[in-house]
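Chains as they are written, first to last, in this note's numbering: chain W, 1 to 801; chain Y, 1 to 220.
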């Protein structure tokens with residue numbers, strides 16, 4: 001019996017090549033997209049869970065209470081770790097890291113020459129680090145590798161690159177010396193595996209924390225600063241968390257200044273929540289994948305699978321109507337309903353099986369694609385054996401959902417009618433179910449399409465809205481030695497192609513997470529009343545370079561070792577209710593010192609557009625001038641290599657780095673871009689699958705209406721009128737689905753846009769264009785079949801037996 | 001007695017009116033008979049055949065098959081009954097296009113739960129008997145109409161039925177092919193198979209031992 005079923009199934013598959021292909025293809029797409037999304041979600045929600053102590057490890061986070069807001073920090077003051085270790089015995093272990101930072105290394109090769117390497121992911125860790133977090137040791141002694149101040153632990157990638165070693169030979173790296181920033185010798189004491197992609201710490205090498213401490217005595221002993229040191233604790237029991245938190249609340253006054261003690265409180269954040277919690281921002285060198293986005297991704301996965309299944313059901317039932325004769329014959333030959341139901345289920349699960357097998361291949365491809373496209377996130381998705389189980393589960397669910405109904409339809413027909421070729425469809429019921437399914441499909445399609453359109457406009461808004469400063473063709477180049485900044489500027493300007501050069505701490509918008517924070521108050525106010533502000537250092541050319549507009553006052557005359565002048569933005573004035581004119585000459589106190597306001601600039605976006613413009617102070621200081629901004633004559637970019645030449649002449653022992661400002665700004669919208677790309681991809685995918693379903697429905701409608709069309713034709717209907725008859729069918733479906741989908745899109749996109757301070761207002765025509773795009777694609781899908789049906793020879797269809 | 005119909009009525013309701021398809025049919029068929037059912041289009045010939053074949057229900061009356069009262073039987077029993085005793089031959093052959101001659105012959109056996117070896121033997125027998133061994137791997141579309149009907153008859157016979165119901169078996173065939181099929185029926189009848197055929201042709205009706213005429217659902 002099974003063999004017979006199989007034979008019929010396979011022959012059917014080959015006889016109806018097009019519909020089999022559409023069927024299997026649609027389902028493969030659906031299953032693959034669903035599984036890839038699930039793998040992505042699983043990956044993003046499993047961050048750091050591979051550490052053995054993950055359950056009992058917490059990150060110490062800091063809340064700073066200011067008069068008008070609370071600041072959330074994922075880093076703490078550096079001395080905190082040592083103090084906790086000494087004073088709080090209930091903590092099993094404390095570890096602290098700093099970085100990752102970028103450093104340059106000089107490595108001698110075997111032939112006496114030396115090579116410079118720039119390493120972007122250097123992490124400073126204390127000796128407790130490998131005990132708290134799982135590190136795979138390939139060579140060296142885990143216990144004391146990080147004890148000596150001038151030592152370094154390399155990942156195997158670096159061991160290969162620096163010393164030409166291969167797997168199994170890593171012990172040969174031990175004892176070799178590499179020079180940090182070309183001057184400090186570090187001895188290699190260990191080689192470790194590359195960190196997993198789903199870990200919050202991405203590093204290429206580990207350097208003892210002791211080294212960092214020795215070289216940064218001020219930072220590492222300062223209790224009131226917060227300079228990128230991250231502290232982790234391991235508890236004996238998770239239950240001890242709140243007891244410890246309250247103990248810390250009383251204990252911290254031992255070290256913190258009274259004002260800080262009042263403002264700062266410490267909390268413990270479970271390690272595994274770090275990656276999905278937005279409150280504390282992304283940790284240095286990492287990124288955050290918010291929980292709600294993962295939830296949306298799960299819903300999308302489900303939706304895509306649903307569309308594909310609905311599609312499958314439609315195509316299969318449409319087909320079973322063409323097989324009524326077979327059903328009739330089988331019934332007459334003694335088959336009962338159960339046999340027919342089993343046969344149908346068998347055939348359809350065969351299709352699902354094929355689709356599942358194909359999707360294994362497709363998933364691997366998609367994962368590769370994602371990994372190579374999302375390098376910014378260091379995505380390392382992998383297809384693991386357990387994902388076969390996912391596919392199996394999806395396939396079983398698919399079989400359950402998509403096989404039962406078609407099987408009932410398949411087995412239902414009455415043999416006498418079936419054999420006469422009279423397809424009795426219990427007219428309204430079965431075709432209404434199918435229309436309902438396709439409508440549901442198109443509701444989802446339109447959710448995606450309209451969503452993608454609105455996202456596209458928001459992204460466009462991010463990219464093209466007026467930032468209040470000039471970002472075009474500005475190149476940012478690092479200045480490793482601030483004393484040579486002016487020299488570099490002169491050198492650049494000697495080239496006639498280069499029009500403008502400015503030097504400062506960073507571009508007007510804080511990119512790459514670089515932002516200098518400070519607080520400000522009037523000199524007569526108490527420190528408790530200080531407010532948060534961003535501090536920017538620019539030279540006298542800065543305003544002109546970025547086209548920042550002065551509303552009142554003047555530019556700086558010169559930069560000084562001790563600053564004495566401020567230029568502030570409008571937003572800062574609001575704190576005191578000053579007009580620009582009133583602000584001039586006022587004295588303001590910031591953490592770094594006191595100075596007079598000499599100018600007020602019009603507000604510019606000093607934060608990416610998700611966030612509001614914050615108070616900003618420019619000062620004429622010689623410190624922190626570690627970036628050069630370069631603009632060319634006209635708008636064309638030429639001779640970038642010359643800049644590098646100048647740079648390398650001046651700054652030896654460093655590696656040249658450059659970045660265009662607009663690229664840097666775009667990176668600020670990494671997650672938004674990801675969502676946008678995701679939505680675009682899935683709207684295209686859902687359109688494809690949805691149209692496959694429509695195609696299936698249309699072939700069904702065409703076969704049912706061929707008689708009607710023929711009669712109309714005989715009675716004088718023109719070709720166009722007949723085509724219009726079909727078009728009405730799917731226009732109704734698309735229209736109805738549009739009406740259902742729109743409110744949902746409006747609500748959900750509104751929710752999403754809420755998250756941005758600067759956002760577009762979704763307008764009616766964005767919705768309408770989504771609807772029309774879908775309608776147009778549906779029209780294209782159906783045009784072939786409708787025209788073919790309308791062109792049919794009526795004599796053929798009206799001939800009676 | 002093979003089967004007996006007593007006061008069979010069958011009707012459909014259309015636009016508030018009751019249209020009779022079969023009206024007070026009484027018929028008894030002995031084993032070994034060869035009956036031809038005749039009548040104009042729409043007189044209820046095929047309906048009668050379908051009722052006898054248990055493919056169609058009737059609204060009133062009694063139907064006994066081997067003394068089983070069909071009108072009281074559950075669907076499952078009915079289907080077991082006709083599976084065992086009745087074979088069908090159609091005007092349009094109704095072979096499955098996706099199966100070869102061999103597989104078409106084998107299909108009814110699958111539903112009767114014969115073992116593989118048995119099925120093989122029975123199909124081989126049938127192929128032999130109808131001289132179509134050479135065609136066993138061909139698909140229906142590769143055969144002439146007469147050959148297809150031959151396969152159709154072979155398929156009807158393979159389950160060793162007591163009764164063959166044939167609905168215009170020669171309707172789609174030319175006269176020579178038709179004659180061959182009728183000769184075959186005559187031969188089968190001699191071997192003891194009861195046959196009821198629906199036909200338009202006087203000539204084909206002559207092959208039978210009894211003719212039943214229908215008009216507007218009524219026996220005349």
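Positions of the beta carbon are idealized from the N, C-alpha and C atoms, including for glycine.
Kindly indicate which residue of the options has the alpha-carbon position closest to the one of residue i.
{"i": "residue 594 of chain W", "options": "W:163, W:571, W:565", "result": "W:565"}
{"i": "residue 247 of chain W", "options": "W:266, W:615, W:258, W:196", "result": "W:266"}
{"i": "residue 216 of chain W", "options": "W:404, W:78, W:391, W:38", "result": "W:78"}
{"i": "residue 56 of chain W", "options": "W:241, W:40, W:214, W:229", "result": "W:241"}
{"i": "residue 140 of chain W", "options": "W:782, W:153, W:786, W:129", "result": "W:153"}
{"i": "residue 226 of chain Y", "options": "Y:215, Y:191, Y:185", "result": "Residue 226 of chain Y lies beyond the range of chain Y shown here (1 to 220); nothing can be said about it."}
{"i": "residue 149 of chain Y", "options": "Y:22, Y:94, Y:189", "result": "Y:94"}
{"i": "residue 358 of chain W", "options": "W:23, W:769, W:792, W:695", "result": "W:23"}
{"i": "residue 162 of chain Y", "options": "Y:60, Y:39, Y:67, Y:86", "result": "Y:86"}
{"i": "residue 769 of chain W", "options": "W:792, W:735, W:787, W:750", "result": "W:735"}
{"i": "residue 33 of chain Y", "options": "Y:98, Y:187, Y:47, Y:214", "result": "Y:187"}
{"i": "residue 298 of chain Y", "options": "Y:139, Y:203, Y:16", "result": "The requested residue 298 of chain Y does not occur in the structure, where chain Y is confined to residues 1 to 220."}
{"i": "residue 373 of chain W", "options": "W:144, W:737, W:492, W:674", "result": "W:674"}
{"i": "residue 626 of chain W", "options": "W:518, W:637, W:580, W:488", "result": "W:488"}
Check the Cβ of residue i against every Cβ in chain Y and list those closer than 9 Å, keeping chain order.
{"i": "residue 740 of chain W", "result": "Within 9 Å Cβ-Cβ: nothing; residue 740 of chain W doesn't reach chain Y, min ~38 Å."}
{"i": "residue 15 of chain W", "result": "97, 98"}
Going along chain Y in order, which residues have a C-beta closer than 7 Å to the C-beta of residue i?
{"i": "residue 419 of chain W", "result": "90, 94"}
{"i": "residue 329 of chain W", "result": "94, 96"}
{"i": "residue 316 of chain W", "result": "Here the premise fails: no neighbours, minimum Cβ distance about 16 Å."}
{"i": "residue 42 of chain W", "result": "By Cβ distance, chain Y contributes nothing, its closest Cβ being about 43 Å from residue 42 of chain W, past 7 Å."}
{"i": "residue 415 of chain W", "result": "55"}
{"i": "residue 326 of chain W", "result": "96"}
What does residue i reach in chain W if we use C-beta pairs closer than 8 Å?
{"i": "residue 108 of chain Y", "result": "333, 334"}
{"i": "residue 79 of chain Y", "result": "334, 336"}
{"i": "residue 103 of chain Y", "result": "4, 7"}
Show which residues of chain W have a CB atom less than 9 Å away from the CB atom of residue i.
{"i": "residue 63 of chain Y", "result": "Near residue 63 of chain Y there are no residues of chain W at all, since even the closest Cβ is about 16 Å away, more than 9 Å."}
{"i": "residue 111 of chain Y", "result": "1, 330, 333, 334, 335, 336, 339"}
At 7 Å on the CB atoms, spell out the chain W contacts of residue i, in chain order.
{"i": "residue 74 of chain Y", "result": "Going along chain W, no residue has its Cβ under 7 Å from residue 74 of chain Y, so there is no contact; the nearest lies around 12 Å."}
{"i": "residue 83 of chain Y", "result": "334"}
Closer than 8 Å by beta-carbon distance: list the chain Y residues that pair up with residue i, in chain order.
{"i": "residue 12 of chain W", "result": "98"}
{"i": "residue 802 of chain W", "result": "Because chain W spans 1 through 801 in this model, residue 802 of chain W falls outside it and cannot be assessed."}
Tell me, please, whether the CB atom of residue i is closer than 8 Å to any CB atom in chain A?
{"i": "residue 651 of chain W", "result": "Annotation note: the requested chain A is absent from the structure, which comprises protein chains W and Y."}
Taking only heavy atoms of the ligand GDP into account, decide whether any of them is closer than 7 Å to the Cβ of residue i.
{"i": "residue 531 of chain W", "result": "For the structure depicted, the ligand GDP is absent and the ligand set is empty, with no information on it obtainable."}
Worksheet item: Counting pairs of beta carbons, one from the region 39-58 of chain W and one from the region 303-321 of chain W, are three or more of them closer than 8 Å?
Response: no
Fill in: Contact list for the region 25-55 of chain Y against chain W, Cβ threshold 7 Å
50, 55
Practice prompt. Please confirm if the region 473-481 of chain W is in contact with the region 605-623 of chain W, defined as three or more CB-CB distances below 8 Å between the two stretches.
Written response: no
Discussion item. Check whether the region 441-455 of chain W and the region 601-611 of chain W touch, using three or more Cβ-Cβ pairs below 8 Å as the test.
Written reply: no
Worksheet item: Taking Cβ-Cβ distances below 8 Å as the criterion, which residues of the region 334-356 of chain W are in contact with chain Y?
Response: 334, 335, 336, 339
Fill in: Contiguous alpha helix (DSSP H) assignments of at least 4 residues, all confined to the region 188-257 of chain W
209-215, 217-221, 241-251
Fill in: Ordered list of beta strand (DSSP E) runs contained in the region 114-183 of chain Y, each at least 3 residues
163-167
Worksheet item: Relative to chain Y, which residues along the region 697-721 of chain W have a C-beta separation below 9 Å, given in chain order?
Response: none
Practice prompt. Counting only runs of 4+ residues fully inside the region 256-334 of chain W, write out the alpha helix (DSSP H) ranges in chain order.
Written response: 258-263, 291-321, 324-332
Worksheet item: At what residue ranges does the region 461-538 of chain W contain a whole run of the beta strand (DSSP E), taking only runs of 3 or more?
Response: 475-478, 498-504, 516-521, 531-537
Discussion item. Quick check for students: name the residue ranges of the beta strand (DSSP E) that lie wholly in the region 2-87 of chain W, counting only runs of 3 or more.
Written reply: 57-65, 70-73
Fill in: Contact set between the region 361-377 of chain W and chain Y, restricted to residues whose Cβ is under 9 Å from the partner
none
Item to complete: Could you name the residues of the region 166-186 of chain Y whose beta carbon sits closer than 7 Å to any beta carbon of chain W, in the order they occur along the chain?
Response: none
Item to complete: Please determine if the region 406-417 of chain W and the region 331-350 of chain W are in contact, where contact requires at least 3 C-beta pairs separated by less than 8 Å.
Response: yes
Item to complete: Specify whether the region 643-663 of chain W and the region 430-442 of chain W touch according to this definition: at least 3 beta carbon pairs, one from each stretch, less than 8 Å apart.
Response: no
Worksheet item: Counting pairs of beta carbons, one from the region 182-200 of chain W and one from the region 133-147 of chain W, are three or more of them closer than 8 Å?
Response: yes
Item to complete: Answer yes if the region 630-648 of chain W comes into contact with the region 249-268 of chain W, meaning at least three C-beta pairs across the two stretches below 8 Å, and no otherwise.
Response: no
Practice prompt. Flag this pair as touching only if the region 122-133 of chain Y and the region 162-181 of chain Y have three or more C-beta atom pairs under 8 Å; answer yes or no.
Written response: no
Worksheet entry | the region 23-37 of chain Y in contact with the region 775-790 of chain W per 3-pair CB rule at 8 Å | no
Fill in: Any 3 or more C-beta pairs closer than 8 Å across the region 684-696 of chain W and the region 208-223 of chain W
no
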